[in-house]
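A.B. asks:
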Amino acid sequence: MKRWAPYPFVRIVLSFIAGILVYLHTGKAFRYSPELFAFFVALYLVLYLIARKAKTVEANTLAGIAGLLCFAAGGMWVTHLHTDSHRPQHLRNLSGQPAYYTGVVNDYVVQKPGYQNTVLQVELVQVNDQWQPAEGKVQLSVPHDSQREYELAYGDRLLIKGTPLPVALPANPNQFDYRAFLANKQIHYRHFLQAHQYQKIESDPSNPVLYFSIYLRRQLDALLKESINERREYGISSALILGVKDELDNSIRDAYAQTGTMHVLAVSGLHVGLIYGILAFLLAGFKKTTRQRVIYAAVILGVLWLYAFITGLSPSVLRAAFMFSLITLAMVSRRQHNIYNTLAIAAFALLWYNPYFLLEVGFQLSFLALLGIVYLQPRFYRLLEFDNRVLDKGWSLFTAALAAQLATFPLGLYYFHQFPVYFWLANLLVVPAATLVLYSGVAALFFSWVPLLSTLLFQVHFAITWAMNEFNLRVNQLPQAVINGIDISASQTWLLYTLLLLFILFFAYKQLRYFALATAVVAVLAAQEVLEIVAQRDQRSLVVYNMRNATAFSFLQGEQATVVSNQPLAPQIYTFNIQPYLWHKGVSQADTYTLANAPTTGISHVVLPDSNSLLVWQGKRLLVVSKPIKVQPLPDFEVDYLLLTQNVRVKPEELQPFRFKQLVLDASNAPWYLQRLKPQLAEAGIPFYDVTEQGALVVEL
C-alpha cells in the first residue's frame, strides 16, 4: 500500500482506463453509466464518512476502492458520451437513405495526387423529400477539379448529392481493419464524390483557433515546398516539422519504419520536447522574480500549444504539450512534481477529452515509450561510465533508444509484424540529426522574410535532411536489417508485457518468485508457439482475393505458398492485400507468378484452346475464365471452382455444361458487369460467390 501512496493519479488513470475498456467491450450494456457513476459516488461518500469515524485500515481501503470505482464508472460514462452512433439522429438510425445532405468540413484537408481527403460533420439530411436534422461524420474523397475556383478547406459548409455508404469490412483476411480505425474516430461512413456532386454554400469555421492553425500550417508547408526543391527532402521536412505527410515518399517512409526511426516523422513528444528545450534555454534568465517566471511560463505555454495546433493536435503531441505545460506550471509555482503522476494526469486529461484516444496506436506507443525511457533508461545508463563527453552522450542516446524499444516492441510486433534489428544504430545518429533538422527548419521558416539569411538556412536545412535520409537508407540496406513476418495475437502481446514487468520486478526487488512467474510465462509462450507450428504444418488453403481490377489467388500448404495473379502486383498492393494473411499462416515469403507464367512445380497449369486457364493443385481444380468460353467440357469433367474474371462475356446457359462446386466472381469485374450478370445467374438458379460483396473466398482444405 505504501508503494502506491506517492502515485495517486496513477491509480486514478488506471481505474479510468478500466472503465473505458469495460464500456468498449460491452457496448450498450452500460448505457446506464450515468446512474452507475452516481451510485458509486454515493457509495464512496457513505464509506468515506464511515472511514473517518472508524479510522481503521479496512474502512479506508474500502473507501479508496469505492473512489476508484467512481473513476471507472466515470470512464464508462465519458466513453458513452463520446460514442456518436447511439444517438437518435445519427446517420445509422435514419428511417431511410438520404438523397442530399449538408455538413461542415471539420478536419484538416489531406492533399493526395488527384484527390482530397477530409471529414464532414453532417448537419441536415433529405430523406423522403423532407429535410431533417442529423449528425455523424462522413469521410469525403473529392477529386481535384481545375474548373473550380477553390479547394476544400476547414469550415466549408457543403451541399452534397448522394448517399454516404457504410465503411466496408476488410476485403481480405487479416487485412488492416480500416472500418475499425475510422470507427474509433466516430467515422462510420465514406463518400467518394465527383465534382458535380457537391457545392460550397459558405465558409463557417466553428473553431477560429483551429481554422487559423490549419491555415498557418498550409502556409508554412507551401513555403517549405517552395524552398526545398527535392521532393524526398521536402516530404521529410514537412512531416518532421509540421506533421504534414501528404507527399512523403513511400520508399523513404519504409526505410524509416524498418530502421525503427519512424517516430521522428510523426510529430510527437520528441519534437515538443525539442521545442521546449530551446525555449527553456533562450528564456533561462527569466526565472528570478515571480513576474519573470509568469512571463517565462506564458511564452513557453503559448509557443508549445501553438505548435501543437499547427501540427494537428495528435494524441502524442497533446500528451507532450500537456505534460510540459504541467512541468512549466510546477516550476512557476515552485512545486516538486513526480514524473509518473505527471504522465498519469496527462493521460487522464487526454482520455477525458477523447476516451477513444486509448485505441490509437500513437497514444499507446508514445506513453509506453516515455514510461520505458523514464524508468529503464537511467538504470541502463548507470551500467557504464564514460569520461569522454561524446561517448557519454552517445551512450545516453543508445540507452534511451534501447529503453523505448524494449517498452514498445511487443506492440510493434502486434501492429507492424516486424522488428528493426539496427534500431540502436539508426537512432544513435537520426535523433541528433532530426534535432538539427527541426531547429534549422524552424529557424529558416522564422527568418523566411530575410532573403539571404533564409536562403542560407534552407540550404543548411536541406543538407542535414539529405544526410539523415541517406544514412537511414544505408542502414536499411544492411544485411538482415529488419525481421519481417512476425505475427502475434493480442493474448501473446499481453503475455510479453507481463514477462517484461516480471523481469523488471525481479531486478528491482531481487525476489525469486518474480523469476519463477517469468519462467512460467515463457513456458506458456513457448507452448503456444509449438502448438502453432504443429498446426501450420498440416494447413492447406485456397484463397481468392478481393483486389480491385485484379485477379489474384493463392495456394497454401504448410509454410509454403504460391500466389498467382493476372498481372504483376505492385509491392504495396501485395503488402496490403495478400501478405497479412500469409504472415498469419506462418509463410514468410511466397512464390509469386502470373497466369502467363504459372508454376509447373506442385501446380498443374493447362492453357485451354480458348485461352482460359485450368489449374490443378492438391486434387482441386480451378478454372479461370477471362475469355469467352469456346470449349465444351466432357460429360464427366468436373471442376471445384469456376472463376469468372475481367468482365468476360458469358451467358448463364454457357455455364450449364460445366459441373462445378462453386462459381466465383472476383474483383477484376466492374460493378456494371456484376449488376448485369448476378440477376441472370440467380434467375438461372446458379449459386455464386461475389468477393466484392462477401470478401475474399477462403477455403480451408
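Going by UniProt numbering, the sequence shown opens with residue 1, and the numbers climb by one from there. Heads up, the beta-carbon is just placed ideally off N, CA and C, and yes, glycines get one too. All values reported here derive from a predicted model rather than from experimental measurement.
Where do the ends of the alpha helix (DSSP H) carrying Thr435 lie?
C.D. replies: Here the alpha helix (DSSP H) through Thr435 covers 423 to 446.
A.B. asks: Tell me where the alpha helix (DSSP H) around Ser15 begins and ends.
C.D. replies: Its alpha helix (DSSP H) spans residues 8 to 26.
A.B. asks: So, for Leu453: in the same chain, excluding its five sequence neighbours on each side, which residues have a beta-carbon less than 7 Å away from its beta-carbon?
C.D. replies: So the qualifying residues of the chain are Phe447.
A.B. asks: Along the chain, where does the beta strand (DSSP E) that runs through Leu159 open and close?
C.D. replies: Taken as a continuous stretch (DSSP letters only), the beta strand (DSSP E) holding Leu159 covers 156 to 161.
A.B. asks: Looking only at C-alpha atoms, which of Gln589, Leu623, Thr592 sits nearest to His605?
C.D. replies: Among Gln589, Leu623, Thr592, the Cα nearest to that of His605 is on Leu623.
A.B. asks: Suppose the cutoff is 6 Å on Cβ atoms and the five residues either side in sequence are ignored; what does the same chain contact list for Met1 look like?
C.D. replies: Note that Met1 scores a pLDDT of 44, beneath 50, so its modelled location is shaky and nothing firm can be said.
A.B. asks: In this structure, what does DSSP give as the bridge partners for Phe458?
C.D. replies: Per DSSP, none; premise fails for Phe458.
A.B. asks: Look at the Cβ atom of Leu406, then the Cβ atom of Leu384, and state whether they are nearer than 8 Å.
C.D. replies: No, these two residues do not count as a Cβ contact at 8 Å.
A.B. asks: Locate the beta strand (DSSP E) running through Val620, then write down its first and last residues.
C.D. replies: The question names Val, yet the displayed sequence has Lys at residue 620. Here the beta strand (DSSP E) through Lys620 covers 620 to 625.
A.B. asks: How far does the beta strand (DSSP E) with Trp131 in it extend, from its first residue to its last?
C.D. replies: 130 to 133 is the extent of the beta strand (DSSP E) around Trp131.
A.B. asks: With the cut-off set at 8 Å, would you say Tyr497 and Pro410 are in Cβ contact?
C.D. replies: Yes, Cβ-Cβ distance for Tyr497 and Pro410 is below 8 Å.
A.B. asks: Do Leu370 and Leu343 come within 8 Å of each other at the CB atom, strictly closer than that value?
C.D. replies: Against a cut-off of 8 Å, the Cβ pair of Leu370 and Leu343 comes out as a contact.
A.B. asks: For Tyr154, is the classification buried or exposed, using 16 other Cβ atoms within 10 angstroms of its Cβ as the cut-off for buried?
C.D. replies: Buried, by the Cβ-count rule.
A.B. asks: Can you tell me whether Pro470 is helix, strand or coil according to DSSP?
C.D. replies: Contrary to the premise, residue 470 reads as Glu rather than Pro in this sequence. Helix, per DSSP.
A.B. asks: Among Gln511, Arg232, Leu120, which residue has its Cα nearest to the Cα of Asn156?
C.D. replies: Note that residue 156 corresponds to Asp in the displayed sequence, not to Asn. Considering only alpha carbons, the answer is Leu120.
A.B. asks: Gln536 and Gly558: beta carbons closer than 8 Å?
C.D. replies: Result yes, Cβ atoms of Gln536 and Gly558 sit closer than 8 Å.
A.B. asks: Return helix, strand or coil for Met1, following the three-state DSSP convention.
C.D. replies: With a pLDDT of only 44 at Met1, under the threshold of 50, the placement of this residue in the model should not be trusted, and no figure is reported.
A.B. asks: Helix, strand or coil: which one does DSSP assign to His605?
C.D. replies: His605: strand per DSSP, three-state reduction.
A.B. asks: Can you list, in chain order, the stretches of the beta strand (DSSP E) that have 3 or more residues and sit fully within the stretch 526 to 575?
C.D. replies: Within the stretch 526 to 575, the complete beta strand (DSSP E) runs of at least 3 residues are 540 to 544, 552 to 557, 560 to 565.
A.B. asks: What is the DSSP secondary structure of Asn476, reduced to helix, strand or coil?
C.D. replies: Asn476 falls in the helix class under three-state DSSP.
A.B. asks: Would Ile187 be called buried (16 or more neighbouring beta carbons within 10 Å of its own) or exposed?
C.D. replies: With 16 or more other Cβ atoms within 10 Å, it is buried.
A.B. asks: With distance defined between alpha-carbon atoms, name the residue in Tyr353, Ser333, Leu326, Leu569 nearest to Tyr340.
C.D. replies: Among Tyr353, Ser333, Leu326, Leu569, the Cα nearest to that of Tyr340 is on Leu326.
A.B. asks: My understanding is that Val430 touches Thr311, with C-beta atoms under 8 Å, so please give their C-beta distance in whole angstroms.
C.D. replies: Not a contact, Cβ separation roughly 19 Å.
A.B. asks: Is the distance from the Cβ of Val544 to the Cβ of Val648 below 8 Å?
C.D. replies: No, they are not a contact pair.
A.B. asks: Does any residue of chain D have a CB that is nearer than 8 Å to the CB of Asp666?
C.D. replies: The chain labelled as chain D is not found in the depicted structure, where only one protein chain is given.
A.B. asks: In the DSSP assignment, find the unbroken beta strand (DSSP E) run with Gln656 in it and report its ends.
C.D. replies: From DSSP, Gln656 is part of no beta strand (DSSP E); its letter is neither H nor E.
A.B. asks: What does a CB cutoff of less than 6 Å around Asp640 pick up in its chain, not counting 5 residues either side in sequence?
C.D. replies: Cβ within range, chain order: Lys620, Arg621, Lys661.
A.B. asks: Answer yes or no: do Val142 and Tyr115 have a C-beta to C-beta separation smaller than 8 Å?
C.D. replies: Yes, Cβ-Cβ distance for Val142 and Tyr115 is below 8 Å.
A.B. asks: Kindly provide the ranges of any beta strand (DSSP E) runs that are 3 or more residues long and lie completely inside the stretch 481 to 513, ordered along the chain.
C.D. replies: Counting only runs of 3 or more, we get 482 to 484.
A.B. asks: So, are the CB atoms of Ile252 and Arg232 less than 8 Å apart?
C.D. replies: Cβ atoms of Ile252 and Arg232: closer than 8 Å.
A.B. asks: Does the pairing of the stretch 419 to 429 with the stretch 474 to 492 give three or more beta-carbon distances under 8 Å?
C.D. replies: Yes: at least three Cβ pairs fall under 8 Å.
A.B. asks: Which residues bound the beta strand (DSSP E) around Ile201?
C.D. replies: Per DSSP, Ile201 belongs to the beta strand (DSSP E) from 198 to 203.
A.B. asks: Rounded to whole angstroms, what is the Cα-Cα separation between Thr26 and Leu306?
C.D. replies: Going from the Cα of Thr26 to the Cα of Leu306 covers about 38 Å.
A.B. asks: Exposed or buried, which one is Pro687 when buried takes at least 16 other CB atoms within 10 Å?
C.D. replies: Answer is exposed; the Cβ neighbour count stays below 16.
A.B. asks: Are the CB atoms of Thr562 and Asp538 within a distance shorter than 8 Å?
C.D. replies: Contact flag unset, no.
A.B. asks: Can you tell me where the alpha helix (DSSP H) holding Trp672 begins and where it ends?
C.D. replies: Looking at the DSSP string, the run of the alpha helix (DSSP H) that includes Trp672 is 671 to 683.
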